[in-house]
Amino acid sequence: MLGYLIRRLLATIPVIVVVALVVFSLLYLTPGDPAAVIAGDIATVADIERIRQQLGLDQPFRIRFWTWASAVLRGDLGVSIFTNLPVTQLIGQRIEPTLSLAVCTLIMAVSLAVPMGVLAAWKAGKIVDRLVMLFSVAGFSIPVFVLAYLLIYLFAIDLDWLPVQGYTPLREGFWPWLSHLILPSMALGTIYIALIARTTRAAMLEVLSQDYVRTAHAKGLAPAVVLMRHALKNAAVPIVTIVGIGVGLLISGVVVTESVFAIPGIGRLTVDAILRRDYPIIQGVILLFSAVYVLVNLLVDLSYRFFDPRIQY
Amino acid sequence: MAAIADNVAAPATASQSPTWLRIKDALRRHPTAILGAVALLLLILMAVLAPLLFTVDPQAISPIRRLRPPSETYWFGTDMLGRDVYSRVVYGARVSLAVGLSVGLLATVIGLAIGLVTGFLRWLDGIVMRIMDGLMSIPSVLLAIALMALTKASLENVIIAITITEVPRVVRLIRGLVLTLREQPYVDAAIAAGTGTTRILLRHILPNTVAPLLVQSTYICASAMLTEAILSFLGAGTPPNIPSWGNIMAEGRSLFQIANYLIFFPGLFLSIAVLSINLLGDGLRDALDPRLARTM
Numbered sequence: 002m003l004g005y006l007i008r009r010l011l012a013t014i015p016v017i018v019v020v021a022l023v024v025f026s027l028l029y030l031t032p033g034d035p036a037a038v039i040a041g042d043i044a045t046v047a048d049i050e051r052i053r054q055q056l057g058l059d060q061p062f063r064i065r066f067w068t069w070a071s072a073v074l075r076g077d078l079g080v081s082i083f084t085n086l087p088v089t090q091l092i093g094q095r096i097e098p099t100l101s102l103a104v105c106t107l108i109m110a111v112s113l114a115v116p117m118g119v120l121a122a123w124k125a126g127k128i129v130d131r132l133v134m135l136f137s138v139a140g141f142s143i144p145v146f147v148l149a150y151l152l153i154y155l156f157a158i159d160l161d162w163l164p165v166q167g168y169t170p171l172r173e174g175f176w177p178w179l180s181h182l183i184l185p186s187m188a189l190g191t192i193y194i195a196l197i198a199r200t201t202r203a204a205m206l207e208v209l210s211q212d213y214v215r216t217a218h219a220k221g222l223a224p225a226v227v228l229m230r231h232a233l234k235n236a237a238v239p240i241v242t243i244v245g246i247g248v249g250l251l252i253s254g255v256v257v258t259e260s261v262f263a264i265p266g267i268g269r270l271t272v273d274a275i276l277r278r279d280y281p282i283i284q285g286v287i288l289l290f291s292a293v294y295v296l297v298n299l300l301v302d303l304s305y306r307f308f309d310p311r312i313q314y
Numbered sequence: 522m523a524a525i526a527d528n529v530a531a532p533a534t535a536s537q538s539p540t541w542l543r544i545k546d547a548l549r550r551h552p553t554a555i556l557g558a559v560a561l562l563l564l565i566l567m568a569v570l571a572p573l574l575f576t577v578d579p580q581a582i583s584p585i586r587r588l589r590p591p592s593e594t595y596w597f598g599t600d601m602l603g604r605d606v607y608s609r610v611v612y613g614a615r616v617s618l619a620v621g622l623s624v625g626l627l628a629t630v631i632g633l634a635i636g637l638v639t640g641f642l643r644w645l646d647g648i649v650m651r652i653m654d655g656l657m658s659i660p661s662v663l664l665a666i667a668l669m670a671l672t673k674a675s676l677e678n679v680i681i682a683i684t685i686t687e688v689p690r691v692v693r694l695i696r697g698l699v700l701t702l703r704e705q706p707y708v709d710a711a712i713a714a715g716t717g718t719t720r721i722l723l724r725h726i727l728p729n730t731v732a733p734l735l736v737q738s739t740y741i742c743a744s745a746m747l748t749e750a751i752l753s754f755l756g757a758g759t760p761p762n763i764p765s766w767g768n769i770m771a772e773g774r775s776l777f778q779i780a781n782y783l784i785f786f787p788g789l790f791l792s793i794a795v796l797s798i799n800l801l802g803d804g805l806r807d808a809l810d811p812r813l814a815r816t817m
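Chains as they are written, first to last, in my numbering: chain A, 2 to 314; chain B, 522 to 817.
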């Protein structure tokens, strides 16, 4: 186990390096001269040159990458061009809404999608199965922001059950917090539910055709026991894998969902940064999200043994 | 001579036909795939014939007639500049389909080339796959956004940016296939017979990647259309002077409470387009991969 853990951790290093190179190149390739931008309109050529030297912009790619990467490793993501605040501070201020949205969506999606997939596999070919598959293909096809507006129109404007937009921190009460997250989670989670339900169904169908499932049925066990204890447990590995891979979808969706629902999170920060071309923020956010994605999938890999003790690392 | 050539050609087409037959058979068994194909065809027709479909200039502004709700004159209403939303949506099909098809084609061809070579050349494999893994761990919409932030907004740049995010998926698929295929006895036989690497790749490996590649490229097409809409919606995509479905919705964002049709109509068309491609892709997958067909 320890040997595997070390090998697996080592294997993520090249991935992280590639991500860092890509992210750094984005800034390196940025059109325009950051020194000129920072110096402002009334700066002289000498001022610009001084700032350029201060920032190390006159150094070659290799050295600049090294300086940047070692700063990132120390937790320094640079300074926003627009607000002059450290990027880590800006991200820190906005992490709560994004984390709340992601966790809410994750919990809702997994607790809905897995039963849906199990049910569809159990009743394969029946009307329930068809409905789940229909939902799944529709979930893949409706853009997250279109769904978001439909939900706002139906539940917030027409029925007036939930707030239209905005975010309330958790410390101001559980219900105000949750009520602002229900619609965003539904919009964001739909494609995720579609993905997980589909994979759960496929994995369950595979397991349900095994001999030991037939034996369990023949012993006269209740269908629920066979489904949950014999089948689902053995279908867990592909399901957990897709939950991890789907985090990528979730992250992409967060950016859009936060914009539609005016949630002041990291996604919103990203969109504002794009519109202002505030590259250090864009870089920092991409680096953070990619690291989260790599980390989640590392944890997923390590969890296989928990779900299936037969797996030897 | 011609007659002989015809005779030789005939079995060749016959040997290709099982794939084609399976597609036809599956389309018959999957009415939803036919539905998808027909809807897609209609959308393509709509895009091509846009000027003939009772549209007006999609860019013609008319400040007096702004924000009119859908009516007999303005089927889908007018936007805040008085432009006819129906015409904009019809013309918008051109942008979405162009992006979807171009990205589908480009990503498939580039990914196929890289995948074939890396799958066959061991020394290259490690390097290229680490790069692909790295690219794939950056959430695709974010990568596309970042690439768009580097360049000026244009349709070509949108297509390039989305293609870059989709290529690694194709490379991974093809490489996996090549790794399996190269262990096949007929490849060993070809190597033993002294066939060159290029010829083995083109004659023995490439034809076997066509079916899964076809399925993958339909999904890429669908996902590219969604990404284009997201980019435009966030203001980092197709330039605002081109009426794309994402742009129309982006402009309707702030007016959602008073003019929801600005989001509704383009959103509906985009969903239908993506849905029809996905249905077609599912049908193709069932047809071309009988093992998967049972489970998915």
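For each residue, glycine too, the CB sits at the ideal point set by N, CA and C.
Because the structure is a prediction, the values reported are computed rather than measured.
Measure the Cβ-Cβ separation of residue i and residue j and say whether it is below 9 Å.
{"i": "T99 (chain A)", "j": "I264 (chain A)", "result": "yes"}
{"i": "L152 (chain A)", "j": "A188 (chain A)", "result": "yes"}
{"i": "G758 (chain B)", "j": "A674 (chain B)", "result": "yes"}
{"i": "L656 (chain B)", "j": "P706 (chain B)", "result": "no"}
{"i": "V699 (chain B)", "j": "G636 (chain B)", "result": "yes"}
{"i": "L320 (chain A)", "j": "S101 (chain A)", "result": "Nothing in the structure corresponds to residue 320 (chain A), since chain A is present only between 2 and 314."}
{"i": "S738 (chain B)", "j": "V691 (chain B)", "result": "yes"}
{"i": "F83 (chain A)", "j": "D279 (chain A)", "result": "yes"}
{"i": "P144 (chain A)", "j": "A750 (chain B)", "result": "yes"}
{"i": "L789 (chain B)", "j": "V19 (chain A)", "result": "no"}
{"i": "I793 (chain B)", "j": "I287 (chain A)", "result": "no"}
{"i": "A560 (chain B)", "j": "L723 (chain B)", "result": "no"}
{"i": "I252 (chain A)", "j": "I197 (chain A)", "result": "no"}
{"i": "L627 (chain B)", "j": "L727 (chain B)", "result": "no"}
Can you tell me whether DSSP reads residue i as helix, strand or coil?
{"i": "D605 (chain B)", "result": "strand"}
{"i": "V18 (chain A)", "result": "helix"}
{"i": "V256 (chain A)", "result": "helix"}
{"i": "T759 (chain B)", "result": "coil"}
{"i": "T576 (chain B)", "result": "coil"}
{"i": "T686 (chain B)", "result": "helix"}
{"i": "T716 (chain B)", "result": "coil"}
{"i": "I599 (chain B)", "result": "Residue identity differs from the one stated: residue 599 (chain B) is Thr in this sequence, not Ile. T599 (chain B) falls in the strand class under three-state DSSP."}
{"i": "Y213 (chain A)", "result": "helix"}
{"i": "Q705 (chain B)", "result": "coil"}
{"i": "Y739 (chain B)", "result": "The question names Tyr, yet the displayed sequence has Thr at residue 739 (chain B). Three-state DSSP puts T739 (chain B) in a helix."}
{"i": "A814 (chain B)", "result": "Caution applies to A814 (chain B), whose pLDDT of 45 falls short of 50 and renders its modelled position unreliable; the value that the coordinates give is listed next. Note: A814 (chain B) maps to helix in three-state DSSP."}
{"i": "M522 (chain B)", "result": "Here the model assigns M522 (chain B) a pLDDT of 39, short of 50, so the residue's position is not dependable and the matter cannot be decided."}
{"i": "G174 (chain A)", "result": "coil"}
{"i": "P144 (chain A)", "result": "coil"}
{"i": "D803 (chain B)", "result": "helix"}
{"i": "V692 (chain B)", "result": "helix"}
{"i": "Y150 (chain A)", "result": "helix"}
{"i": "V125 (chain A)", "result": "Correcting the residue type first, residue 125 (chain A) is Ala in the shown sequence and not Val. Residue state, collapsed to three classes: coil."}
{"i": "V133 (chain A)", "result": "helix"}
Decide if residue i is buried, meaning its Cβ has at least 16 other Cβ atoms within 10 Å, or exposed.
{"i": "G718 (chain B)", "result": "Here residue 718 (chain B) is Thr; the residue named in the question, Gly, does not match the sequence. When all chains shown are included, T718 (chain B) counts as exposed."}
{"i": "V227 (chain A)", "result": "buried"}
{"i": "V569 (chain B)", "result": "exposed"}
{"i": "M229 (chain A)", "result": "exposed"}
{"i": "V104 (chain A)", "result": "exposed"}
{"i": "V398 (chain A)", "result": "As shown, chain A starts at 2 and ends at 314. That puts residue 398 (chain A) outside it, with no answer to give."}
{"i": "Q284 (chain A)", "result": "buried"}
{"i": "V731 (chain B)", "result": "exposed"}
{"i": "E772 (chain B)", "result": "buried"}
{"i": "Y213 (chain A)", "result": "exposed"}
{"i": "F754 (chain B)", "result": "buried"}
{"i": "A526 (chain B)", "result": "Here the model assigns A526 (chain B) a pLDDT of 42, short of 50, so the residue's position is not dependable and the matter cannot be decided."}
{"i": "E173 (chain A)", "result": "exposed"}
{"i": "S583 (chain B)", "result": "exposed"}
Starting from the N-terminal side, write out each stretch of the beta strand (DSSP E) that is 3 residues or longer and does not extend beyond the stretch 262 to 286 of chain A.
-> none
Minimum length 4: unbroken alpha helix (DSSP H) runs contained in the stretch 29 to 92 of chain A | 35 to 40, 46 to 56, 62 to 74
Could you name the residues of the stretch 736 to 760 of chain B whose beta carbon sits closer than 8 Å to any beta carbon of chain A, in the order they occur along the chain?
-> A743, L747, A750, I751, F754, L755, G756, A757
Taking only beta carbons into account, state which residues of the stretch 792 to 808 of chain B come closer than 9 Å to chain A, listed in chain order.
-> S792, I793, A794, V795, L796, S797, I798, N799, L800, D803
Which ranges does the beta strand (DSSP E) cover as unbroken runs of at least 3 residues, wholly within the stretch 749 to 797 of chain B, from first to last along the chain?
-> none
Give, in chain order, every residue of the stretch 133 to 157 of chain A whose Cβ lies closer than 7 Å to some Cβ of chain B.
-> V138, A139, F141, S142, I143, P144, F146, V147, Y150, Y154
Could you run through the stretch 777 to 791 of chain B and flag, in chain order, every residue whose CB is less than 9 Å away from some CB of chain A?
-> F777, Q778, N781, I784, F785, P787, G788, L789, L791
When Cβ atoms are compared, which residues of the stretch 561 to 581 of chain B fall closer than 7 Å to chain A?
-> none
Quick one, which residues of the stretch 9 to 22 of chain A are near chain B if we go by CB-CB under 7 Å, in chain order?
-> P15, V16, V19, V20
Start-end ranges of the beta strand (DSSP E) lying completely within the stretch 213 to 253 of chain A, minimum 3 residues | none
Using a beta-carbon distance cut-off of less than 7 Å, what residues from the stretch 239 to 264 of chain A approach chain B?
-> G249, I252, S253, V256, V257, S260
Going along the chain, which residues of the stretch 587 to 600 of chain B sit with their C-beta nearer than 7 Å to a C-beta in chain A?
-> none
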